[in-house]
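Only one structure is covered here, and it is reproduced in the block below.
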Amino acid sequence: MAISRRTFVKGVSAAALSSPASPLLANAQGGDPIRIGLLAAKTGPLASGGIDMERAMQLFLRDRANMIAGHPIELTTLDTAGVPATARTKAQELIEKNKIHCLIGPLAAFEALAIADYVTQSQTPTIGVAAAEDMTQRQINPWFVRATATSAQCAYPLAEYVAKELKYGKIVTVADDFAYGHEMCAGFQRVFEDNGGKIIQKLFPPLTAPDYGSYVAQIKNADAIFLGTAGSNGFRFLRQFIEYGLKDKLAVIGGMTALDESVLRNMGDEALGILTTSWYSAELDNPSNRIFAPAFRKEYKYDPGYYAASTYVCAEVLEAALKSINGKLDDKKALMDALHGIKVDTARGPVAFDDHGDVVGDCYIRKVTRKEGRLVNSVIKTYPNVSQFWTYDKAEFLKNPVYSRDFPPARNLEN
Amino acid sequence: MQFWIVQTLNSLSLGGLLFLLASGFSLIFGLMRLANLTHGAFFMVGAYFGAVALRTFDGLNFWVAAVGSGILVAAIGGLFERLVLRRLTTNPLGQVLVTLGMSFIIADACLVTWGGDPIPVPTPSYLQAPTRVFGFAFPTYRLVVVVCALVVAFALYLMLEYTRIGAMIRAGVDDRQMARAIGIPVSKLFTGVFCLGAGIAGAGGVLGGPVLSAYPGLDADMLPLALIVVILGGVGSLLGAFVGSFIIGFIYTFGTALFPDLAYIILFLPMIIVIAFRPRGLFGRLST
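Chains as they are written, first to last, in my numbering: chain A, 1 to 415; chain B, 416 to 703.
Right under this line is the structure:
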């Protein structure tokens, strides 16, 4: 078939006109529409998570026939491509052009940091997903709440669990070399060493390491290896780790994104038995998740993971806040106060916020098992109401510098 | 002792992988004077073809998947060269920009088609168990990658040195105008070499798959490595690509193991030194 240049141009421009950001059309009845903006990275390296975020949001609205607190919802999803500058532009578009009342997202910390000033300045209530510790610690933003977890929040209970219940004494950490990996490892190390364990080696391969072979070959003899990776990196690292025959020598444990449901569905038996920690599992048995997880699985043929659940929980939190103010949106401050004061049962369990805007909620120790032919993260222990400060005194905690590669210092490294 | 042996084997396997990536790039650059920035995307799309084929057809032979994937990518490369690059022969800058654009298009097409999650390329079952080398375990497949690289290198060497087509390619690399003047069909040769380069990259994607997997961003992770190898080794030189690959393999592996803080620059240091003191690369006959 010959396609003339003109038909081609027509086709492309038609596609271009129809695709960008057409908001889900609001129902005719009901009160004034509530406009929600969702920033998700739907292209680029973070696309997998961003697409899940949008899908979960659409599912949430569909189940409610597009109405929250008696108001129709207009959802606008914009793609940040995982690029901070783009996130900033799209946030501006949502706030100034679409005049949104509330923003959900974006996914990555560097995107969230890029829009933080703008969100404050434009006074837009934001329910974030990004895990950067200081956004709810030393540089708090009155317009930002986070319903998921800080980088280290879920690592604390795992560190205590492996030290106290599994009696691990020595652990090697491997994490992506960026703030998220540094913060998670630091938090893990702090609690693990406070419980008598020793971190004997810390490895931080670059985010785009082509080959983990040289790292895997260095791993010292220990009880376990802690994976603080995100996206496809944990998956690739683990495969190489197994290739080297190390799985019989060291147990594998991981942070909240290391063996996410999105990664598990591409793995095999090699993942069985691995322990991870997170604020969610598709296997959670609570009233909200009994609706969410099966619906998501039915619609998209795979289990919801970290990113899908994060958006769904954000949406549930927003719904509860909107209900508590009867959908009155003239006063953005009132919505923000409602968000801060909220107590709601969500797909992850009960959610409340501390006065820094970070969630206090349950964390789960999960084990990879096989169920109905697919790999799932079965919950083996629940740590209720975990705070971003763990059991430490808040004032003392905040006097320390933010977690990094070198803080807290590792005193037990072996050479 | 174990550290040195294991890391040496690691260096060799990374070097083998890099050669599978860079040899095609070097061939194309040498003959066509074209920095083909689509090369990383060819590698990635090859990995995806292999991963998806192996997942879809149960019992498909791994090596058949690699060769088949190479042929498919070669066909894509051929079409691209004939339909697009050919129109821009007098505009080298335009060619480079078009190859860059094409790599974005391929990357986005992969994302739309196969989603954002990594897809594993399974290691052939008979190569899954680690090999014992001097009493410790080393992944068997990584050793096989080195063998693959040697086989490809040897085959390319035979083709370039002992066949008529090889002689034509060498003539084209040395003096394109003169080759054309004495009746060598440079135009067909261009298409052929472009297909060959793309095909090696595509097959390399599958062969590298058990180590790297197929994931969005693989193209961008691999392209700079190809550039570094070729700049270090010298453009248009098979020997250069070969030696360059293994040098980079050693520098990267030992660099990240011994000086982890230098992980980000360790790859670029040798390249900068070579550009500064020997712009044509270690074995290049052309000036970059």
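All C-beta atoms, glycine included, are put in the ideal place defined by N, C-alpha and C.
Worksheet entry | Under 8 Å from the C-beta of A/A217: neighbouring residues of chain C | The chain inventory of the structure shown lacks chain C, comprising the protein chains A and B.
Practice prompt. Select from B/I646, B/L494, B/G699 and B/V621 the residue whose C-alpha is nearest the C-alpha of B/S484.
Written response: The shortest C-alpha separation from B/S484 is found at B/V621.
Worksheet item: Does the beta carbon of B/M574 come closer than 8 Å to any beta carbon on chain A?
Response: False, the Cβ-Cβ gap to chain A never drops below 8 Å.
Worksheet item: Taking the continuous beta strand (DSSP E) assigned at A/R35, which residues delimit it?
Response: I34 to A40 is the extent of the beta strand (DSSP E) around A/R35.
Discussion item. Taking 8 Å as the threshold (C-beta atoms), are B/V644 and B/A656 in contact?
Written reply: It is a contact, given that the beta carbons lie within the stated cut-off.
Worksheet item: By Cβ distance, which residues of its chain are closer than 7 Å to A/K164, with the 5 residues on each side in sequence left out?
Response: Excluding sequence neighbours, A/K164 sits near N195.
Practice prompt. Please decide whether B/A641 counts as near chain A, where near means a Cβ-Cβ distance under 8 Å.
Written response: Not closer than 8 Å to any Cβ of chain A, the Cβ of B/A641 fails to qualify, so no.
Practice prompt. At 7 Å on the CB atoms, spell out the chain B contacts of A/T43, in chain order.
Written response: Here the neighbours are D523 and L526.
Worksheet item: Rounded C-beta distance between A/A152 and A/Y403? I'm assuming under 8 Å.
Response: Approximately 6 Å separates the beta-carbon atoms of A/A152 and A/Y403; this is inside 8 Å, confirming the contact.
Fill in: Nonlocal neighbours in the same chain, by C-beta distance under 7 Å from B/M686, ignoring five residues either side
Within the same chain, B/M686 has close Cβ partners I643, I646 and L647.
Worksheet item: What's the gap between the Cα of B/L575 and the Cα of B/L449?
Response: In this structure, the straight-line span from the alpha carbon of B/L575 to that of B/L449 is close to 19 Å.
Worksheet entry | Proximity test, Cβ basis, 8 Å: B/Y541 and chain A | Chain A contact via Cβ: absent.
Practice prompt. Give the residues from the region 666-698 of chain B that approach chain A closer than 9 Å (Cβ to any Cβ), ordered along the chain.
Written response: Listed in sequence order: Y667, T668, F669, G670, T671, A672, P675, A678 and Y679.
Practice prompt. Over the uninterrupted beta strand (DSSP E) stretch that includes A/Y364, give me the two end residues.
Written response: Here the beta strand (DSSP E) through A/Y364 covers V359 to K371.
Worksheet item: Out of curiosity, what's the CA-to-CA distance linking B/L436 and A/L259?
Response: Approximately 29 Å between the Cα atoms of the pair.
Worksheet item: What's the C-alpha gap between B/G455 and B/G465?
Response: When rounded, the distance between both Cα atoms is 16 Å.
Discussion item. Out of B/G696, B/D473, B/L653 and B/C610, which one is the CA nearest neighbour of B/A490?
Written reply: Of the listed residues, the one whose Cα sits closest to B/A490 is B/C610.
Item to complete: Could you work out which residues of chain A lie near B/R557, taking near to mean beta carbons separated by less than 8 Å?
Response: Residues of chain A with a Cβ closer than 8 Å to the Cβ of B/R557 are, in chain order, G213 and E243.
Worksheet item: Among residues of its own chain, excluding the 5 on either side of B/P554, which ones have a beta-carbon nearer than 7 Å to its beta-carbon?
Response: Cβ-Cβ distances below 7 Å link B/P554 to P545 in the same chain, with the five nearest sequence neighbours on each side left out; the list follows chain order.
Worksheet entry | Three-state secondary structure assigned by DSSP to A/K220 | Correct three-state label for A/K220: coil.
Worksheet entry | Nearest-angstrom Cα separation, counted from A/K99 out to A/V368 | Put simply, the backbone Cα of A/V368 is about 43 Å away from that of A/K99.
Worksheet item: Where does the unbroken beta strand (DSSP E) through B/V645 begin, and where does it stop?
Response: Residue range L633 to G648 is occupied by the alpha helix (DSSP H) that includes B/V645, with no beta strand (DSSP E) assigned at that position.
Worksheet item: Pairing CB atoms from the region 669-676 of chain B with CB atoms from the region 202-222 of chain A, are three or more of them under 8 Å?
Response: Because the criterion of three Cβ pairs below 8 Å is met, the region 669-676 of chain B and the region 202-222 of chain A touch.
Discussion item. Considering only their Cβ atoms, is the gap separating A/S232 from B/P358 smaller than 8 Å?
Written reply: The requested residue 358 of chain B is not part of the displayed model; chain B covers only 416 to 703.
Worksheet entry | Which listed residue (A/A132, A/G128 and A/T150) has its alpha carbon closest to that of A/A143 | The sequence given here places Trp at residue 143 of chain A; Ala does not occur at that position. When each option's Cα is compared against that of A/W143, the closest is A/G128.
Worksheet item: beta strand (DSSP E) containing A/Q201: first to last residue?
Response: K198 to L203 is the span of the beta strand (DSSP E), which, as asked, contains A/Q201.
Practice prompt. Give a yes or no on whether the minimum CB-CB distance between A/Q201 and chain B is below 8 Å.
Written response: Judged by the 8 Å Cβ criterion, A/Q201 is not in contact with chain B.
Practice prompt. Anything in chain B within Cβ reach of A/S48, meaning under 8 Å, just list it in chain order.
Written response: Going along chain B in sequence order, the residues near A/S48 (Cβ under 8 Å) are G530, G531, D532 and P631.
Discussion item. Rounded to the nearest angstrom, what separates A/D269 and A/I253 at their Cα positions?
Written reply: Looking at the two C-alpha atoms, the distance is approximately 16 Å.
Discussion item. Short of 6 Å in beta carbon distance, which residues of its chain neighbour B/C563, apart from the five on each side in sequence? Order them along the chain.
Written reply: Same-chain partners within the cutoff: L622.
Practice prompt. Measure how close the beta-carbons of A/T257 and A/T229 come, nearest whole angstrom, since I'm counting them as under 8 Å.
Written response: About 7 Å separates the two Cβ atoms, so the contact holds.
Discussion item. Can you pull the chain A neighbours of B/D636, defined as C-beta to C-beta under 7 Å?
Written reply: The contacting residues are T208 and P210.
Practice prompt. Kindly list the residues whose CB is nearer than 7 Å to the CB of B/S660, restricted to its own chain and excluding five residues on each side of it in sequence; keep chain order.
Written response: Excluding residues up to 5 positions away in sequence, G430, L433, F434, A437 and V644 lie with their Cβ nearer than 7 Å to the Cβ of B/S660 in the same chain.
Practice prompt. Please report how far the alpha carbon of A/A130 lies from the alpha carbon of B/G614, in whole angstroms.
Written response: So the alpha carbons of these two residues sit roughly 41 Å apart.
Practice prompt. Examine the Cβ distances between the region 80-88 of chain A and the region 106-123 of chain A and report whether three or more of them are shorter than 8 Å.
Written response: When C-beta atoms of the region 80-88 of chain A are compared with those of the region 106-123 of chain A, three or more pairs fall below 8 Å, so the two segments count as touching.
Discussion item. Can you confirm whether A/I274, when its beta carbon is compared against all beta carbons of chain B, has any partner nearer than 8 Å?
Written reply: With respect to chain B, the C-beta atom of A/I274 has no partner C-beta closer than 8 Å.
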